[in-house]
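Undergrad: Take a look at the following structure, please.
In our numbering, the protein residues as written are 538 to 691.
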């Protein structure tokens, strides 16, 4: 990782590790791989701890980092196997909000955090079953999210 990116990473770590997001580097020799824990303080996912694994590729910042959710979750924009639907993680996005070289790791953290609040999207889901569940029965959806938190996100 270039020296410029290491400086950005240090600044990003101190800012991102506040509030509902915590950044952790499992291997201090691999600064291009880190984990993010999001602990929402409102909404359906309040009380859960959701782990994300992030790998910053050599071609960063021309391409986005690769992110996977490690915590099993019932969410319209995250599959149970950890795939994530978030525009800024796509190199090419139809809506124009995809990755651009001007974006930063802090944008990625804020985007992931927002998936639990204002970017929760039931209209363009990756996990169609979860989105349809929400449309059918919001209270049962809330209960299933709570069950997943109890079993997988503590």
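For glycine and all other residues, C-beta sits at the position ideal for the given N, C-alpha and C. Bear in mind that the values here come from a model prediction, so they are computed numbers and not experimental data.
1. Measuring from the CB of residue 618, is there a heavy atom of the ligand FMN at a distance below 6 Å?
2. Suppose you measure from the CA of residue 584 to the CA of residue 678; what does that come to, to the nearest Å?
3. To the nearest whole angstrom, what separates the beta carbons of residue 589 and residue 600, a pair I think is in contact under 8 Å?
4. Considering only residues of the same chain and omitting the five flanking positions on each side of residue 662, which have a CB-CB separation below 6 Å?
5. Within 10 angstroms of the Cβ of residue 610, are there 16 or more other Cβ atoms? Answer buried if so, exposed if not.
6. Helix, strand or coil for residue 538, going by three-state DSSP, please let me know.
7. Counting only runs of 4+ residues fully inside the stretch 599-679, write out the alpha helix (DSSP H) ranges in chain order.
8. For the beta strand (DSSP E) that residue 592 lies in, which residues bound it at each end?
9. Tell me whether residue 688 sits in a helix, a strand or coil according to DSSP, three-state version.
10. Does DSSP put residue 681 in a helix, a strand or coil?
11. Please state the DSSP three-state secondary structure of residue 574.
12. So, for residue 629: in the same chain, excluding its five sequence neighbours on each side, which residues have a beta-carbon less than 8 Å away from its beta-carbon?
13. One question on the structure: do residue 619 and residue 605 come within less than 7 Å of each other, judged by their Cβ atoms?
14. Within the same chain, show all residues whose beta-carbon is closer than 6 Å to that of residue 622, passing over the 5 residues directly before and after it, in chain order.
TA: Put simply:
1. Judged by which ligands are present, the structure shown has none, so any question about the ligand FMN falls away.
2. Residue mapping note: residue 584 aligns to position 47 of the chain shown, counting from 1. Residue mapping note: residue 678 aligns to position 141 of the chain shown, counting from 1. Cα to Cα, residue 584 sits roughly 16 Å from residue 678.
3. Position 52 of the chain shown, counted from the start, is the residue given in the question as residue 589. Position 63 of the chain shown, counted from the start, is the residue given in the question as residue 600. Contact doesn't hold; Cβ gap of about 18 Å is too wide.
4. Position 125 of the chain shown, counting from 1, holds the residue named residue 662. Closer than 6 Å at Cβ, skipping near neighbours: 613 and 668.
5. Here residue 610 refers to the residue found at position 73 when the chain shown is read from its first residue. Classification of residue 610: buried, given that the 10 Å Cβ count is 16 or more.
6. Taking the chain shown and counting its residues from 1, the one referred to as residue 538 is at position 1. In this prediction, residue 538 has a pLDDT of 48, which is less than 50 and means its spatial position is unreliable; nothing more can be read from the coordinates.
7. 642-651 and 665-673
8. The residue labelled residue 592 in the question sits at position 55 within the chain shown. Here the beta strand (DSSP E) through residue 592 covers 587-592.
9. What you label residue 688 is simply residue 151 of the chain shown in a count that begins at 1. Helix, per DSSP.
10. Sequence index remark: in the chain shown, residue 681 carries index 144 (1-based). Three-state result, residue 681: helix.
11. Numbered from 1 along the chain shown, position 37 holds the residue referred to as residue 574. In the structure shown, the three-state DSSP call for residue 574 is strand.
12. Numbered from its first residue, the chain shown carries residue 629 at position 92. Result list for residue 629: 635, in chain order.
13. Stepping through the chain shown from its first residue, residue 619 is reached at position 82. Stepping through the chain shown from its first residue, residue 605 is reached at position 68. Their beta carbons are under 7 Å apart, which means residue 619 touches residue 605 by this criterion.
14. Looking up residue 622 in the chain shown gives position 85. Closer than 6 Å at the Cβ level, and outside the excluded window around residue 622, lie 614 and 663.
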